[in-house]
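Residue numbers (the numbering used here): 196 to 450. Backbone N, C-alpha and C fix where the C-beta goes; we use that ideal spot for every residue, glycine too. For reference, the structure is listed below as structure tokens.
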């Protein structure tokens, strides 16, 4: 058992460059190149592990498989993540497994089931200190909600995902979130009276150029609470940036 574990660990460590390249190619939307970067033995066989230290490439591989039409293989890997996640109570497996299942539902044309499954993935993400994975799921959920004409909710998820990617310093994914947000046309709402008092104060301070940290200190709240307030403000006003927020608050003051 120990020897087998050591062998598996060594082989996976040896293929980390391939796993990393798979992630990069899939981040760029290059599905075939992402799969070509991996040794096929890392995607099948009895020795396949779904533990995150060995299998962090699986969600990328599954998305790539769906992208090139290898649905049966993607379904098998997703089922393995779901089964092992439930059996061993692994939040990461359950979260990314649900995200991959949502992508498969969408590819099969069942967008409603896909959206429900993406929401389940978000519930699992609440147990994980992994903001990047959560933001990836938000991109998927936002895409599904846009297809279901839930544009306000979609824009909110895209906005929060964008903020996460920017905070983590991942420009490639921030660009993807920005592009999704640009495709989501939301009818602007000029009525700032829809904001709660705390949301309005956060909005007014942010519009003057104050950082989240400064707003948090001034209001005696956490920076995370400031971020959540801004996300709600953006959603209610149908905007996606502080520049737009500044213009909207200026119009409100003029009125």
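Straight-line CA distance for residue i to residue j?
i	j	result
residue 305	residue 294	14 Å
residue 223	residue 279	29 Å
residue 275	residue 358	32 Å
residue 248	residue 405	40 Å
residue 428	residue 231	43 Å
residue 407	residue 422	7 Å
residue 239	residue 277	15 Å
residue 371	residue 251	21 Å
residue 391	residue 325	30 Å
residue 283	residue 443	49 Å
residue 292	residue 366	25 Å
residue 399	residue 212	47 Å
residue 346	residue 441	22 Å
residue 419	residue 338	25 Å
residue 202	residue 403	Because the pLDDT of residue 202 is 42, which lies under 50, any placement of that residue in the model is unreliable, and the question is left without a value.
residue 219	residue 303	26 Å
residue 272	residue 314	20 Å
residue 439	residue 253	38 Å
Name the two residues that bound the continuous alpha helix (DSSP H) containing residue i.
i	result
residue 257	253-263
residue 316	306-320
residue 409	407-414
residue 235	Looking at the DSSP string, residue 235 is not in any alpha helix (DSSP H), and its letter there is neither H nor E.
residue 343	It is not in any alpha helix (DSSP H) - residue 343 carries neither H nor E in the DSSP assignment.
residue 370	366-378
residue 222	211-222
residue 300	286-302
residue 392	392-402
residue 246	Unbroken run through residue 246: none, as it is neither H nor E.
residue 428	418-432
residue 388	Premise fails: residue 388 is in no alpha helix (DSSP H) and is neither H nor E.
residue 436	Unbroken run through residue 436: none, as it is neither H nor E.
residue 276	266-283
Near residue i, what residues of its chain come up, given a Cβ to Cβ distance below 7 Å and the 5 sequence neighbours on each side ignored?
i	result
residue 199	Residue placement at residue 199 is poorly supported in this model, since its pLDDT is 36, which falls under 50; the coordinates still yield a value, given next. If we look at residue 199 and ignore the five residues flanking it on each side, it has no Cβ neighbours.
residue 221	229, 255, 258 and 259
residue 394	424, 427 and 428
residue 417	411
residue 301	309 and 339
Cβ atoms of residue j and residue i: under 7 Å apart, would you say?
i	j	result
residue 245	residue 288	yes
residue 262	residue 226	yes
residue 319	residue 290	yes
residue 316	residue 332	yes
residue 435	residue 354	yes
residue 413	residue 437	no
residue 379	residue 356	no
residue 361	residue 369	yes
residue 327	residue 376	no
residue 297	residue 335	yes
residue 217	residue 267	no
residue 281	residue 322	no
Quick one: residues in its chain with C-beta nearer than 8 Å to the C-beta of residue i, no 5 flanking neighbours on either side, listed in chain order?
i	result
residue 270	299
residue 205	With a pLDDT of 44 at residue 205, under the threshold of 50, the modelled position of that residue is not reliable, and the figure given next carries that caveat. Closer than 8 Å at Cβ, skipping near neighbours: no residue.
residue 343	306, 307 and 310
residue 426	351, 354, 355 and 358
residue 397	410, 414, 421, 424, 425 and 428
Could you check if residue i belongs to the surroundings of the ligand PLP, using beta carbon to heavy atom distance under 6 Å?
i	result
residue 414	Ligands in the displayed structure: none, and consequently the ligand PLP is not present.
Within 7 Å (strictly less), CB to CB, does residue i reach chain C?
i	result
residue 342	Looking at the structure shown, chain C is missing, and only one protein chain is on hand.
Sorted by chain position, which residues of the same chain lie with C-beta nearer than 6 Å to residue i's C-beta, five sequence neighbours on each side aside?
i	result
residue 389	431
residue 340	348 and 349
residue 329	320
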